[in-house]
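When we follow our numbering, the leftmost residue of the sequence shown carries the number 2, and every step to the right adds one.
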Amino acid sequence: MAKRKPIHDHAAVGEPYNPEGIWSPEITARLVKLWTKDGYSAGAIAEDLSAIAGKPVTRSGVHGKISRMGPTGKGHRKSGSGRLKGAVVEARPEVERRAPPRPIVVQPRVVTLFPEPQRRPIPIAGVPLLELGSFRCRYALTDRSPHLFCGEPTVATRSDPHGSWCEAHRARVFEPRQERTRSAPTKPRGNDRTGIWR
């Protein structure tokens with residue numbers, strides 16, 4: 002793999018190579034002095050260092066260098082430098098501590114619903130299909146093997162004279178018939194040969 006060409010060729014310009022960029026030990030010492038002892042802002046320090054280095058230094062560059070110097074005390078301001086000298090700080094009044102509030106206990110409400118109508122219990126004896134005789138209920142009680150059916154005596158009706166279900170299962174299988182009411186015929190929607198849709 003070929004070696005990359007450096008972005009700035011120092012030898013071509015006649016400058017000595019400085020791996021630290023503009024941050025020579027002299028400029029770094031000036032930065033520390035202006036930041037910690039004199040309390041200048043990062044923007045003011047950037048202007049000063051730009052004039053000394055002969056190259057532009059940004060406010061963000063100053064912040065970056067200060068943060069890279071770490072918590073050794075070299076790059077950080079003195080603690081309390083933001084306060085006025087001689088300012089009196091009042092102690093906070095002590096707050097009376099209260100006991101934590103007791104949890105609220107919610108009593109469940111008892112709701113009485115209308116009782117369900119009681120149906121006659123359906124005997125679940127279960128008879129295999131081959132043992133069902135005539136006039137015995139053929140309502141399936143199981144859907145797996147062995148297939149069992151009700152087997153109770155059936156109720157004959159006008160529509161089913163032999164009866165296929167007992168009285169209890171007939172009520173489950175059929176809904177009561179409701180009388181149909183005839184309504185006036187509605188006009189068809191759509192084109193009535195005039196080309197107009199309604």
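We put the CB at the ideal spot given by N, CA and C, even for glycine.
If we count the other Cβ atoms within 10 Å of its Cβ and call it buried at 16 or more, is residue i buried or exposed?
i: residue 63; result: buried
i: residue 74; result: Only weak support is given to the placement of residue 74: the predicted model assigns it a pLDDT of 49, under 50, and the question is left unresolved by the model.
i: residue 204; result: This structure leaves residue 204 out entirely; the chain is present only between 2 and 199.
i: residue 47; result: buried
i: residue 56; result: exposed
i: residue 285; result: No answer is possible for residue 285: the residues shown for the chain start at 2 and end at 199.
i: residue 93; result: exposed
i: residue 83; result: Note that residue 83 scores 49 on pLDDT, short of 50, meaning its location in the model is unreliable; the coordinates nonetheless yield the value given after this. With fewer than 16 other Cβ atoms within 10 Å, it is exposed.
Is it the case that the CB of residue i approaches a heavy atom of the ligand MN more closely than 7 Å?
i: residue 166; result: Of ligands this structure carries none, so the ligand MN is not represented either.
Kindly list the residues whose CB is nearer than 7 Å to the CB of residue i, restricted to its own chain and excluding five residues on each side of it in sequence; keep chain order.
i: residue 54; result: 23 and 28
i: residue 114; result: none
i: residue 110; result: none
i: residue 95; result: none
I'd like to know whether the C-beta atoms of residue i and residue j end up nearer to each other than 8 Å.
i: residue 152; j: residue 171; result: no
i: residue 44; j: residue 60; result: yes
i: residue 1; j: residue 150; result: For the chain, the structure presents residues 2 to 199; residue 1 sits outside this window and is missing.
i: residue 139; j: residue 131; result: no
i: residue 162; j: residue 147; result: no
i: residue 41; j: residue 35; result: yes
Could you please give the first and the last residue of the uninterrupted alpha helix (DSSP H) stretch that includes residue i?
i: residue 157; result: No alpha helix (DSSP H) holds residue 157; DSSP gives it neither H nor E.
i: residue 31; result: 26-33
i: residue 91; result: Counting along the chain, residue 91 falls outside any alpha helix (DSSP H), and DSSP gives it neither H nor E.
i: residue 176; result: Neither: residue 176 is in no alpha helix (DSSP H) and is coded neither H nor E.
i: residue 69; result: 60-69
i: residue 203; result: Nothing can be reported for residue 203, as the shown portion of the chain is limited to 2 through 199.
i: residue 48; result: 43-54
Tell me which same chain residues have a C-beta within less than 8 Å of the C-beta of residue i, skipping the five on either side of it?
i: residue 165; result: 138, 139 and 155
i: residue 174; result: 140 and 166
Below 6 Å CB to CB, which residues in the same chain sit around residue i once its five sequence neighbours on both sides are set aside?
i: residue 127; result: 142 and 149
i: residue 168; result: 156
Using DSSP bridges, identify the partner residues of residue i.
i: residue 150; result: 128 and 141
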